[in-house]
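All remarks here apply to the structure that follows.
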Amino acid sequence: MSKQIHEINDFFLTVRRKDARSIKIKRSKDVAKFKVQCSKYLYTLCVFYSEKANKLKQSLPQCKGIGRS
């Protein structure tokens, strides 16, 4: 199952949870999607500005497996 996150602060709280396994980043022409797989749900944050997406990627914790697609 999946859920969408609308706030960046909520996304960071989800990333730092103990059950967060991996982070995937999917980029298209207009949007960057950050996906966090937790034990029950796949959480998705959609970012429409490339500058904000780059800053968000740099501030992610490095201990989680970050993949690009």
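Count along the sequence shown from 1, add 4, and you get the number used in this note's numbering.
Each residue gets a CB set at the ideal place from its N, CA and C atoms; glycine is no exception.
- When DSSP states are grouped into helix, strand and coil, Q62 belongs to the helix group.
- DSSP, reduced to helix, strand and coil, places A57 within a helical segment of the structure shown.
- The beta carbons of I29 and A36 sit about 6 Å from each other, so the pair counts as a contact at 8 Å.
- Residue state for F52 is assigned as coil, using DSSP reduced to three classes.
- By the beta-carbon neighbour count (other beta carbons within 10 angstroms, threshold 16), F52 is exposed.
- An exposed status is given to L17, since fewer than 16 other beta-carbon atoms sit within 10 Å of its beta-carbon.
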